[in-house]
Ligand code: GLC
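In the numbering used here, the protein residues as written are 555 to 993.
Right, here's the structure in full:
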């Protein structure tokens, strides 16, 4: 067994840390402007104009079964979808608002179909729920709010009752965790306590756990689904640490105790969560695979996001990115599932990353750059029983100590090195993996 112990949390993360790889889905009215899910506030779009999206929202090609099939092929084992994002629009048939998909030309409870589709493909199902709400009449205007620069922002904010909004959230979370069967993850987003206004806007206050009444919100969720995994973004620590838009380079630790924590990086294929037509910064195939490997090599999970178009399908760039994972995971997933950071005694050579099976028996060497002829693995002499490429199960020969060639006599190899003999041509897989079966 590997030696890592993570900080104990209220929910059940055992399946989660085994599965390692999930799909994030950001879908909402913002798919129509197609200029980032924050478009309403970025552009301070008027309520009147934003209502057009509600009026014409019609994802006629919405087919979550197709998404689910692609997610499964990509090797993703669970999924988290927005039930409501910051814009406040609900994709489910809530009795506490009219601002929901069933009241648009779409006419459907999109969450119901989503849950059924992903469950049918055998994936675990999660809900993202935005704490922020730019539509709810009781949500006080703050520095992130679309109406912040209106001349009468102060007047508009009068009489807004945060308690009522907090109650609204509890009611909706109750609906979400009651009407759709077992839900595995609840992903709240996000707190910004202390981000208050200044100058003429100093009456604007950031929001955190007290505003959300997060303790009650979490208690509500746990009473309905005790084992559910909840993230930390209500501002109250739960199960999940969620680094976003940067990749941790070591296992994430608890701020106070230093314990290892359960963490999940969430990332985008391009620079936006919601569908963004003109965004061009799509990550390269190599980078996509490396991000997954890097994550698991530091003991974390990866949640990769897709932002479906307003017609409800995944655009070709997202499909291509998923295909990159599908092609790689088809043959290499054994170095991901049930794997974690390698024991500290194993130091990967340059341009390589290790993962290790949690039972300790196998070490996986991922080659980000493919070297010529030999690869030295420090400290592994005498510790390996067998080595093979993972993608095709073909044997990889090796020696120990020093390279066996007349010209290599003076090579100052280390007796503890294991030296792999590599074929000259890089195998036909983006990141080749060698499986080392340990003594
Ligand atoms: C950010 C953004 C948001 C996105 C989320 C995903 O907090 O506000 O748009 O949903 O990250 O992690």
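Heads up, the beta-carbon is just placed ideally off N, CA and C, and yes, glycines get one too. No experiment lies behind these values; they were computed from the predicted model shown.
Return yes when the C-beta of residue i is under 8 Å from any heavy atom of ligand 1, and no when it is not.
i	result
residue 744	yes
residue 766	no
residue 817	no
residue 639	yes
residue 591	yes
residue 578	yes
residue 597	no
residue 682	yes
residue 849	no
residue 827	yes
residue 833	no
residue 820	yes
residue 636	yes
residue 796	yes
Starting from the Cα of residue i, find the closest Cα among the options and give me that residue.
i	options	result
residue 845	801, 567 and 615	801
residue 867	853, 656 and 612	612
residue 832	571, 586 and 738	586
residue 881	912, 839, 942 and 922	839
residue 843	643, 920, 622 and 578	920
residue 678	773, 795, 931 and 569	569
residue 731	710, 764, 784 and 762	784
residue 591	559, 871, 765 and 639	639
residue 908	872, 608, 657 and 889	889
residue 717	694, 625, 983 and 870	694
residue 562	914, 792, 989 and 981	792
residue 853	813, 935 and 904	813
residue 937	926, 900 and 963	900
residue 870	968, 902 and 836	836
residue 542	984, 930, 967 and 849	Given that the chain is displayed from residue 555 to residue 993, the structure contains no residue 542 and the question cannot be resolved.
residue 942	975, 762 and 652	975
residue 674	681, 715, 682 and 626	626
residue 687	720, 663, 670 and 733	720
residue 977	969, 971, 970 and 986	986
What is the residue span of the beta strand (DSSP E) that residue i lies within?
i	result
residue 941	938-943
residue 638	632-638
residue 930	928-931
residue 858	855-860
residue 737	Unbroken run through residue 737: none, as it is neither H nor E.
residue 695	It is not in any beta strand (DSSP E) - residue 695 carries neither H nor E in the DSSP assignment.
residue 678	678-684
residue 972	972-975
For a test of the three-state rule: what should DSSP assign to residue i, helix, strand or coil?
i	result
residue 581	coil
residue 599	coil
residue 753	helix
residue 670	helix
residue 819	strand
residue 657	helix
residue 665	helix
residue 993	coil
residue 987	strand
residue 843	helix
residue 949	strand
residue 610	helix
residue 589	strand
residue 731	helix
residue 863	coil
residue 849	helix
For the alpha helix (DSSP H) that contains residue i, what are its first and last residues?
i	result
residue 953	Note, residue 953: premise wrong, no alpha helix (DSSP H); beta strand (DSSP E) at 952-954.
residue 870	870-886
residue 701	Run containing residue 701: none; DSSP gives neither H nor E here.
residue 833	Premise fails: residue 833 is in no alpha helix (DSSP H) and is neither H nor E.
residue 621	618-627
residue 572	568-573
residue 649	No alpha helix (DSSP H) contains residue 649, which DSSP labels as neither H nor E.
residue 744	Note, residue 744: premise wrong, no alpha helix (DSSP H); not H, not E.
residue 711	707-711
Would you verify that the beta carbon of residue i is, or is not, closer than 9 Å to some beta carbon of chain D?
i	result
residue 605	Within the model displayed, chain D is absent; a lone protein chain is all it includes.
_beta strand (DSSP E) segments (min. 3 residues) lying fully within the stretch 765-811_ = none
*Starting from the N-terminal side, write out each stretch of the beta strand (DSSP E) that is 3 residues or longer and does not extend beyond the stretch 888-929.*
906-911 and 916-921
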